[in-house]
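Number of protein chains: 2
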Amino acid sequence: MRVVLLGKVWWAYAIRPYKMEVRCRHAIANNTLPIAAVLNIFACPLIESCYMSQIFFTVGPAHMYPTVQHHVATFFTKQLGSVSHRSTEFRVLHNHTVEQLRLLMGIPPEFEIYFSGSASELWERIIINCVRKESYHVVQGAFAKRFYEYALEVGKHPTCTKVPNGETILPNQVQVPPQTELIALTYNETSTGVQLQPDVLTACRAQNPQAITAVDIVSCAPISPLDFNTIDIAFFSVQKGFGLPAGLGVWIVHPRCVERALQIQAEQSIGAHNTLPKHHRNFLLGETPSTPNVLGIYLLGKVAEDMNTIGIQTIRHESAQKAEYLYAYFDNHPTCTPFVQNKKARSETVITLRVQNPAHVLQYLASRGLRCSSGYGDLKDSTIRIANFPAHSFADVQQLCAAFDTLPT
Amino acid sequence: MRVVLLGKVWWAYAIRPYKMEVRCRHAIANNTLPIAAVLNIFACPLIESCYMSQIFFTVGPAHMYPTVQHHVATFFTKQLGSVSHRSTEFRVLHNHTVEQLRLLMGIPPEFEIYFSGSASELWERIIINCVRKESYHVVQGAFAKRFYEYALEVGKHPTCTKVPNGETILPNQVQVPPQTELIALTYNETSTGVQLQPDVLTACRAQNPQAITAVDIVSCAPISPLDFNTIDIAFFSVQKGFGLPAGLGVWIVHPRCVERALQIQAEQSIGAHNTLPKHHRNFLLGETPSTPNVLGIYLLGKVAEDMNTIGIQTIRHESAQKAEYLYAYFDNHPTCTPFVQNKKARSETVITLRVQNPAHVLQYLASRGLRCSSGYGDLKDSTIRIANFPAHSFADVQQLCAAFDTLPT
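Protein chains in written order, with the working numbering: chain A, 1 to 409; chain B, 1001 to 1409.
Set out below in structure tokens:
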């Protein structure tokens, strides 16, 4: 018996605790907690903590992808936190992440991939590196608006097309001014749960093919497929769909943008830190301009690799199924209903619900170990938000809906 | 026996593996590996990996502080990677780090503490937030020069006082122009191993008390004591003296700088991302302007707490002892001698050695499990660099010197 218990402890601690967590959570979701799991709960406080753990349906920082903790342990065992960012060890790590992201998101070979501290940092970097004077912004909510405001704050002259919260812009509404140097789009608006119509992207591009098209894919990467032939920049942060700890932004850039930055730099400042030309020079060496978040880059590569093992098509298919299930459920809920009326404009990854008493709903869900996000900005008092990311299993989603079944009125 | 073994496994995996690592490393250093440790090596691959592990004397990224891996595990077990950066849980975590840093580094209550992605990011933020036109830089090496160059690249008009590599600036050499808005000092020059004379700081301040004084303490925090009465800004990154994974910069700011930024903002752009006024507003709430590196902030707070438990005076005393031992050893080494001749100007935390064949020396040390840094820039072919950080025990330093004893000529 002791040998068996030792084996269990060994397996649980050292080999793959995340598998155990997944098994336990599934068992809890299905009310079929097996005896082996019960034994493990008594044997291991780690597993007990999994049993007590909450499921985060928050829109970011979000639920950790199940393999993250395992990869973190490997990172430290291999002492990768100590290696120089100018060493071969780092370049191997960096290039692994770049290649796994390319494979996962279908990023063409001519695009380069740079790393920053966050996606909001990139709003500023994109504008100062790619715009002399004028940018154009499609604004469907608070985050696209902040991108527009960043352009104002760094002294540019941005214009925008804007719709009320929860509504979506139609292709015939966009009007890109002829002098526009940058078209800024937010593919998935995290504040409202509205997804951009792909036709809008096409319309913007057609109206001004000379402008650089930059797409914020913060809360829909790697789920929403992107046609990289129609864009020059895409960027995201890792604490949403990738289920990683916050602190890393990813900047996917066509070399055309580097050329543009060099032209602008001949006339005015494009900043000093992590400029596009500096990123480009270092990327060719498999490095970054300054010491980056090495742990974040490593984890992103490993989780992208795990997702590639499953296959992006499978992950996207499961995501679509979960989204369909969620929207179908809430379309028929008596008090909590989808905030976005236009079904075509509903985000697959950020589901915003109109509810009567958001604080009360969030509290009830939390008491069941289910954490969701409050509404954003003006919508705080009338909505809540639910993430549907790859870290969430179908059983997680079913568990969430089951909790809404018993929501006290 | 099995119970004993189980107990050992339990203790090694769950309670404090880092203590085990420290014990093993000490035993190896002293050639007295006890039987218990040998048993553990056979029992636990984790401990085995410690036995095989290398000691990083690299100047950053550097050797991990021994408790880091333990704190990382707790972070994930508590699901802190998923909590919102606008939640009470985050504010508690944020404020804990702020308070532990205050205690550790003697930061007065009026100073605020902000977080960025790196220290080099802060070179840019400091200049665009605090300078309309003119900054003055004391340049003793490549990193202070990059601070100066950042000012040039963002379109300011910096001036500087510069000395050759390895030399130090004397108080009577500094000449702060009367219009200077910012005095930029690099307390510990990571490229050369030269430490600033505190008198230089006093002289700069006396020549222009209206200017904001910003001190780069990247590679000497928290070792070198700073008199916060004589400065307005200090900043560092965590992958050096704190022994943490890279990806977090720390910005210690007097509110006077926020006022200055607001004055400048009325006339020209101070950027859009993580500006001083935005940092200030969010700091008062226990938050950050955008989603930060939550894991990095948590680890910094926990390691600062561990250091406070030991006591900063003890840590500084040990650091001074190790530095004294190292310099005394290399002053008498036949082929590897201190690069900085002026003993008063020698850095306590970054020891630069003039060696005949740097690549050969680094390779030999690496073959003994000891990793040091190459020289920087122009000094790459003639020097190597050794870090002396709190993560290094006296025994580690002795082990390093023992390896130099047997360096093939």
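Ideal placement from N, C-alpha and C gives every residue a C-beta, glycine not left out. These numbers come from a predicted model, not from an experiment.
Inset, instruction - Output the distance between the C-alpha atoms of residue 1368 of chain B and residue 1316 of chain B, rounded to the nearest integer angstrom. - result: Reading the second sequence from its first residue, position 368 is the one you call residue 1368 of chain B. Reading the second sequence from its first residue, position 316 is the one you call residue 1316 of chain B. One Cα belongs to residue 1368 of chain B, the other to residue 1316 of chain B, and the distance between them is close to 28 Å.
Legend entry - CB contact below 7 Å: residue 1120 of chain B versus chain A: Translated into positions along the second sequence, residue 1120 of chain B becomes position 120. Output row for residue 1120 of chain B: interface = yes.
Legend entry - Classification of residue 1188 of chain B by the beta-carbon crowding that lies within 10 angstroms, buried from 16 upward: Residue mapping note: residue 1188 of chain B aligns to position 188 of the second sequence, counting from 1. Label assigned to residue 1188 of chain B: buried.
Legend entry - Residue from B/1111, B/1409, B/1258 whose Cα sits closest to the Cα of residue 1131 of chain B: Counting from one through the second sequence, the residue named residue 1131 of chain B turns up at place 131. When C-alpha distances from residue 1131 of chain B are compared across B/1111, B/1409, B/1258, the shortest belongs to B/1258.
Inset, instruction - Classify residue 1331 of chain B as helix, strand or coil using the three-state DSSP reduction. - result: Looking up residue 1331 of chain B in the second sequence gives position 331. Helix at residue 1331 of chain B.
Legend entry - Chain-ordered neighbours of residue 124 of chain A on chain B, where CB pairs are closer than 7 Å: The sequence position of residue 124 of chain A within the first sequence is 124, counting from 1. Under a criterion of Cβ atoms nearer than 7 Å, the residues of chain B adjacent to residue 124 of chain A are, in order, 1271, 1272, 1273.
Inset, instruction - Using a Cβ-Cβ cut-off of 7 Å, state whether residue 153 of chain A counts as contacting chain B. - result: Within the first sequence, residue 153 of chain A is the residue found at index 153, counting from 1. Interface residue, yes.
Legend entry - residue 1388 of chain B beta carbon less than 7 Å from that of residue 1323 of chain B: Position 323 of the second sequence, counted from the start, is the residue given in the question as residue 1323 of chain B. Position 388 of the second sequence, counted from the start, is the residue given in the question as residue 1388 of chain B. Yes.
Legend entry - Test item: CB-CB of residue 1098 of chain B and residue 1113 of chain B under 7 Å: Working through the second sequence from its first residue, we reach residue 1098 of chain B at position 98. Working through the second sequence from its first residue, we reach residue 1113 of chain B at position 113. It is a contact, given that the beta carbons lie within the stated cut-off.
Legend entry - Nearest to residue 1128 of chain B (by Cα), restricted to the options A/111, A/66, A/277, A/270: Position 128 of the second sequence holds residue 1128 of chain B. Nearest option by C-alpha distance: A/270.
Inset, instruction - Answer with yes or no whether the minimum CB distance from residue 1277 of chain B to chain E is below 7 Å. - result: Absence of chain E from the displayed structure is noted, the protein chains being A and B.
Legend entry - 7 Å Cβ cutoff met for residue 326 of chain A and residue 351 of chain A: Locating residue 326 of chain A in the first sequence gives position 326, where the first residue counts as 1. Locating residue 351 of chain A in the first sequence gives position 351, where the first residue counts as 1. For residue 326 of chain A and residue 351 of chain A, yes; Cβs fall inside 7 Å.
Inset, instruction - Answer yes or no: does any C-beta atom of chain B fall closer than 7 Å to that of residue 245 of chain A? - result: Position 245 of the first sequence, counted from the first residue, corresponds to residue 245 of chain A. Chain B places a beta carbon closer than 7 Å to that of residue 245 of chain A, counting this residue as a contact.
Legend entry - The alpha helix (DSSP H) enclosing residue 283 of chain A, as first and last residue numbers: The sequence position of residue 283 of chain A within the first sequence is 283, counting from 1. In this chain, the alpha helix (DSSP H) harbouring residue 283 of chain A covers 276-283.
Legend entry - Interface partners of residue 148 of chain A on chain B, CB under 9 Å: Counting from 1 along the first sequence, the entry for residue 148 of chain A is found at position 148. In chain order: nothing, as chain B lies at least about 11 Å away.
Inset, instruction - Pair every Cβ in the region 55-65 of chain A with every Cβ in the region 227-245 of chain A, then say whether three or more of these pairs are closer than 8 Å. - result: Touching, yes.
Legend entry - Three-pair Cβ contact test at 8 Å for the region 217-231 of chain A versus the region 146-155 of chain A: No, they do not touch.
Inset, instruction - Would you mind stating whether residue 1228 of chain B and residue 1119 of chain B have Cβ atoms separated by less than 7 Å? - result: Here residue 1228 of chain B is taken as the residue at index 228 of the second sequence, counted from 1. Here residue 1119 of chain B is taken as the residue at index 119 of the second sequence, counted from 1. No, the Cβ-Cβ distance between residue 1228 of chain B and residue 1119 of chain B is not below 7 Å.
Inset, instruction - Check residue 1337 of chain B in the structure and name its three-state DSSP category. - result: Position 337 of the second sequence, counted from the first residue, corresponds to residue 1337 of chain B. Correct three-state label for residue 1337 of chain B: strand.
Inset, instruction - Check the Cβ-Cβ distances between residue 129 of chain A and every residue of chain B, and say whether any is below 7 Å. - result: Position 129 of the first sequence, counted from the start, is the residue given in the question as residue 129 of chain A. Using a Cβ-Cβ cut-off of 7 Å, residue 129 of chain A does not count as an interface residue toward chain B, since no Cβ of chain B sits closer than that to its own.
Legend entry - Below-7 Å beta-carbon distance, residue 1397 of chain B vs any chain A residue: As a first step, residue 1397 of chain B is located in the second sequence; it is residue number 397 there, counting from the start. No, its Cβ sits nowhere closer than 7 Å to a Cβ of chain A.
Inset, instruction - Could you name the residues of chain A that residue 1081 of chain B contacts, counting a contact when the two beta carbons are closer than 7 Å? - result: Looking up residue 1081 of chain B in the second sequence gives position 81. Listed along the chain, the chain A residues whose CB falls inside 7 Å of the CB of residue 1081 of chain B are 61, 64, 245.
Inset, instruction - Would you tell me roughly how many angstroms separate the C-alpha atoms of residue 340 of chain A and residue 1377 of chain B, rounded to the nearest one? - result: Within the first sequence, residue 340 of chain A is the residue found at index 340, counting from 1. Within the second sequence, residue 1377 of chain B is the residue found at index 377, counting from 1. Each residue's Cα considered, the two are about 56 Å apart.
Inset, instruction - Indicate the three-state DSSP secondary structure (helix, strand or coil) for residue 355 of chain A in the structure shown. - result: Locating residue 355 of chain A in the first sequence gives position 355, counting from the first residue. Residue state, collapsed to three classes: coil.
Inset, instruction - Measure the alpha-carbon distance for residue 248 of chain A versus residue 116 of chain A and round it to whole angstroms. - result: Residue mapping note: residue 248 of chain A aligns to position 248 of the first sequence, counting from 1. Residue mapping note: residue 116 of chain A aligns to position 116 of the first sequence, counting from 1. Answer to the nearest angstrom: the Cα atoms are 6 Å apart.
Legend entry - 8 Å contact criterion, which residue 1385 of chain B and residue 1372 of chain B should meet: CB distance rounded: Taking the second sequence and counting its residues from 1, one reaches residue 1385 of chain B at position 385. Taking the second sequence and counting its residues from 1, one reaches residue 1372 of chain B at position 372. Indeed they touch by this definition, with Cβ atoms about 7 Å apart.
Legend entry - Sub-7 Å separation of residue 1213 of chain B and residue 1231 of chain B beta-carbons: Residue 1213 of chain B sits at position 213 when you count from the first residue of the second sequence. Residue 1231 of chain B sits at position 231 when you count from the first residue of the second sequence. With contacts defined by Cβ atoms closer than 7 Å, residue 1213 of chain B and residue 1231 of chain B form a contacting pair.
Inset, instruction - Assign residue 1344 of chain B to one of two classes, buried (16 or more other C-beta atoms within 10 Å of its C-beta) or exposed (fewer than that). - result: Here residue 1344 of chain B refers to the residue found at position 344 of the second sequence. The residue in question, residue 1344 of chain B, is exposed, as its Cβ has fewer than 16 Cβ neighbours within 10 Å.
Legend entry - Of the listed residues B/1058, B/1100, B/1053, nearest to residue 1298 of chain B (C-alpha basis): Reading the second sequence from its first residue, position 298 is the one you call residue 1298 of chain B. For the residues B/1058, B/1100, B/1053, the minimum Cα distance to residue 1298 of chain B belongs to B/1100.
Legend entry - For residue 81 of chain A, the three-state DSSP class (helix, strand or coil): Walking along the first sequence from the start, residue 81 of chain A turns up at place 81. In the structure shown, residue 81 of chain A falls within a helical segment according to DSSP collapsed to helix, strand and coil.
Inset, instruction - Name the residue from A/122, A/398, A/290 whose alpha carbon lies nearest to the alpha carbon of residue 278 of chain A. - result: Within the first sequence, residue 278 of chain A is the residue found at index 278, counting from 1. Among A/122, A/398, A/290, the Cα nearest to that of residue 278 of chain A belongs to A/290.
Legend entry - Beta-carbon proximity check, residue 1253 of chain B vs residue 1300 of chain B, cutoff 7 Å: Position 253 of the second sequence, counted from the first residue, corresponds to residue 1253 of chain B. Position 300 of the second sequence, counted from the first residue, corresponds to residue 1300 of chain B. Not closer than 7 Å, so no.
Inset, instruction - Kindly indicate if chain A contains any beta-carbon less than 7 Å away from that of residue 1069 of chain B. - result: Start at 1 with the first residue of the second sequence, and residue 1069 of chain B comes out as number 69. Residue-level contact by beta carbon holds for residue 1069 of chain B and chain A, with a gap shorter than 7 Å.
Inset, instruction - Would you decide whether residue 233 of chain A is buried or exposed? Buried here means 16 or more other CB atoms lie within 10 Å of its CB. - result: As a working note, residue 233 of chain A is residue 233 in the first sequence. Classification of residue 233 of chain A: buried, given that the 10 Å Cβ count is 16 or more.
Inset, instruction - Compile a chain-ordered list of the residues in the region 290-304 of chain A whose CB is closer than 8 Å to at least one CB of chain B. - result: Residues 290, 291, 292, 293, 294, 295, 296.
Inset, instruction - Along the alpha helix (DSSP H) that carries residue 1298 of chain B, what are the first and last residues, could you check? - result: As a position in the second sequence, residue 1298 of chain B is number 298, starting the count at 1. Element bounds for residue 1298 of chain B: 1294-1310.
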